[in-house]
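K.L.:
The listed protein sequences correspond, in order, to chains A and B.
Take the first sequence: its letters are residues 1 to 241, numbered as in our numbering.
Take the second sequence: its letters are residues 242 to 310, numbered as in our numbering.
Quick reminder that beta carbons are idealized off the backbone N, C-alpha and C, glycines included.
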Amino acid sequence: MTGLWAVLITTFLASAVEAIEMVTIVVGVGATRGWRSTLIGAASGFGVLAVVVVVLGAALSRVPIGPLRLIVGALLLTFGLQWFRKGIRRVAARGLAGIGGQDPHEAAEWTSPGMDWTAWFLAFKGVVLEGLEVAFIVVTFGAGANHFVAAVIGGVGAIIIVGGIGLALHQTVRRIPRSLLQLIVGVLLTTFGTFWAIEGLGINWPGSDAAIPLLLVLYAATALTYITLERNRALGLRPAA
Amino acid sequence: MPPPFSWLVAVVKFLYDFIVGDDWTVAAAVFIGLILSAILNVNQIAAWWLIPVIVVVMLGVSLRRASRT
Numbered sequence: 001m002t003g004l005w006a007v008l009i010t011t012f013l014a015s016a017v018e019a020i021e022m023v024t025i026v027v028g029v030g031a032t033r034g035w036r037s038t039l040i041g042a043a044s045g046f047g048v049l050a051v052v053v054v055v056l057g058a059a060l061s062r063v064p065i066g067p068l069r070l071i072v073g074a075l076l077l078t079f080g081l082q083w084f085r086k087g088i089r090r091v092a093a094r095g096l097a098g099i100g101g102q103d104p105h106e107a108a109e110w111t112s113p114g115m116d117w118t119a120w121f122l123a124f125k126g127v128v129l130e131g132l133e134v135a136f137i138v139v140t141f142g143a144g145a146n147h148f149v150a151a152v153i154g155g156v157g158a159i160i161i162v163g164g165i166g167l168a169l170h171q172t173v174r175r176i177p178r179s180l181l182q183l184i185v186g187v188l189l190t191t192f193g194t195f196w197a198i199e200g201l202g203i204n205w206p207g208s209d210a211a212i213p214l215l216l217v218l219y220a221a222t223a224l225t226y227i228t229l230e231r232n233r234a235l236g237l238r239p240a241a
Numbered sequence: 242m243p244p245p246f247s248w249l250v251a252v253v254k255f256l257y258d259f260i261v262g263d264d265w266t267v268a269a270a271v272f273i274g275l276i277l278s279a280i281l282n283v284n285q286i287a288a289w290w291l292i293p294v295i296v297v298v299m300l301g302v303s304l305r306r307a308s309r310t
C-alpha cells in the first residue's frame with residue numbers, strides 16, 4: 001500500500017512539472033494570439049498523444065525523446081526569440097500602455113474566421129512534447145514499481161489539476177497589456193526552447209530542471225537591460241565611454 | 242497557381258515566418274550555436290552555456306540593427 005501511494009505521489013509531482021510547462025505555453029499563446037486556434041492546437045496535440053499512447057503502450061519508453069526535444073526546442077527557441085525581440089521594442093516604445101484596458105496602438109489578437117496556424121502549432125507542439133514526457137514518466141514509474149494504475153492516476157491527475165489552475169488564471173492573464181504579454185511569452189518560449197534544445201543534444205544542464213528558473217532570470221534581466229538601452233537610445237542618451 | 246503548388250508555397254512561407262521571421266541572422270546564429278554545442282559535447286567539453294550566450298548577444302545585435310533602420 002505504501003508503494004502504491006509512493007508511486008502515485010511521485011508520478012503526480014514529476015508529471016506536474018511537465019504539465020506546468022505545457023499549460024504555461026498554452027495559456028501564454030492563447031492570451032497573446034487568441035484562444036480558438038490555441039485550444040484547437042492543444043486538443044489536436046492531446047488527440048495525437050492519445051493515439052501514440054494507445055498504439056505504443058508500454059513500448060513508449062523506447063521512443064527516442066532526444067531528437068524530439070531538439071526539434072521542438074529549436075523551433076520554440078527561434079520563434080520565441082522573435083516575440084522576445086518584438087516585446088522588448090514595444091515595451092521600450094510604449095511602456096505598459098494598455099494596462100487595465102486595450103492599448104489602441106496594439107494589433108488586435110487573431111479575429112479572422114480562419115485558423116491562426118502559429119497559435120495552433122505552438123500549442124500543438126507544447127502539448128505533444130510535454131504530454132509524451134508525462135506518458136514516459138507514467139510508463140517508467142508504473143512498470144518499474146508494478147503499480148501502473150496508480151501511475152496513470154498520478155500523471156492524468158497532474159495534467160487535470162495544473163490545467164484547471166491555468167484555466168482559472170486565464171482571465172487574470174488577459175488583463176496584462178499585450179506588448180508586455182508578448183515579451184513575457186517570448187521570454188518563456190525562449191527559456192523552454194533553450195532548455196529542451198540543449199537537452200535534446202544530450203547535454204546535461206547543471207542542476208537539471210532547476211536550470212529553467214535560472215534561465216528565466218537571465219532572460220528577464222536581459223529584457224530589462226535592453227528595454228533600458230532602447231529607451232535611452234530613443235531619448236538620444238548614449239552610455240558613457 | 243494550381244492548388245497543390247499554392248498550398249506548398251503557403252506552407253513554406255508559414256515555416257519561414259515561423260522559424261526565421263524578420264531577422265534571419267538570429268535564426269542562423271541559433272542553428273550554428275546548436276551545431277557548435279553538439280561538437281563541444283562530443284569532445285566532452287561543457288556546452289550548456291553557449292546557447293544562452295548566443296541568445297543574449299544576438300538579441301542586442303538584432304535590436305541595434307532594427308533601431309538603425
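Looking at the structure shown, is residue 245 of chain B part of a helix, part of a strand, or coil, going by DSSP?
P.N.:
In this structure, residue 245 of chain B counts as helix in the three-state DSSP scheme.
K.L.:
Could you name the residues of chain A that residue 247 of chain B contacts, counting a contact when the two beta carbons are closer than 9 angstroms?
P.N.:
Going along chain A, no residue has its Cβ under 9 angstroms from residue 247 of chain B, so there is no contact; the nearest lies around 15 angstroms.
K.L.:
Would you say residue 206 of chain A lies against chain B (beta-carbon separation less than 8 angstroms)?
P.N.:
Chain B contact via Cβ: present.
K.L.:
Taking only runs of the alpha helix (DSSP H) that begin and end inside the region 14-59 of chain A, which ones reach a length of at least 4 residues, in chain order?
P.N.:
Runs of the alpha helix (DSSP H) inside the region 14-59 of chain A: 35-56.
K.L.:
Give every residue of the same chain whose Cβ lies closer than 7 angstroms to the Cβ of residue 108 of chain A, excluding the five residues on either side of it in the sequence, and list them in chain order.
P.N.:
The predicted position of residue 108 of chain A is uncertain, since its pLDDT is 49 and thus under 50; a value taken from the coordinates is nonetheless stated next. Closer than 7 angstroms at the Cβ level, and outside the excluded window around residue 108 of chain A, lies no residue.
K.L.:
Is it right to say residue 11 of chain A is buried, meaning 16 or more other beta carbons lie within 10 angstroms of its own, or is it exposed?
P.N.:
So residue 11 of chain A ends up on the buried side.
K.L.:
If the criterion is Cβ atoms closer than 8 angstroms, does the pair residue 292 of chain B and residue 303 of chain B meet it?
P.N.:
Contact flag unset, no.
K.L.:
Does the structure place the region 209-227 of chain A close enough to the region 116-131 of chain A that three or more beta carbon pairs sit under 8 angstroms?
P.N.:
As far as the Cβ criterion goes, the region 116-131 of chain A does not touch the region 209-227 of chain A, which means the pair count is below three.
K.L.:
Only counting the same chain, and skipping five residues up and downstream in sequence, which positions put a Cβ closer than 6 angstroms to that of residue 44 of chain A?
P.N.:
For residue 44 of chain A, where only same-chain residues beyond five positions count, the Cβ hits under 6 angstroms are 124.
K.L.:
Terminal residues of the continuous alpha helix (DSSP H) containing residue 218 of chain A?
P.N.:
Counting along the chain, the alpha helix (DSSP H) containing residue 218 of chain A begins and ends at 211-234.
K.L.:
Using the Cβ count rule (16 or more neighbours within 10 Å means buried), how would you classify residue 306 of chain B?
P.N.:
So residue 306 of chain B ends up on the exposed side.
K.L.:
Between the Cα of residue 182 of chain A and those of A/146, A/89, A/231, spot the shortest distance and give me the residue it belongs to.
P.N.:
Checked all of A/146, A/89, A/231; the closest Cα to residue 182 of chain A is A/89.
K.L.:
For residue 255 of chain B, does the count of other Cβ atoms within 10 angstroms reach 16, so buried, or fall short, so exposed?
P.N.:
Label assigned to residue 255 of chain B: exposed.
K.L.:
Residues of chain B with a CB under 9 angstroms from the CB of residue 74 of chain A: which are they?
P.N.:
Under the 9 angstroms cutoff, chain B gives 260, 271, 272, 275.
K.L.:
According to DSSP, is residue 306 of chain B helix, strand or coil?
P.N.:
Reduced to three states, the DSSP call for residue 306 of chain B is helix.
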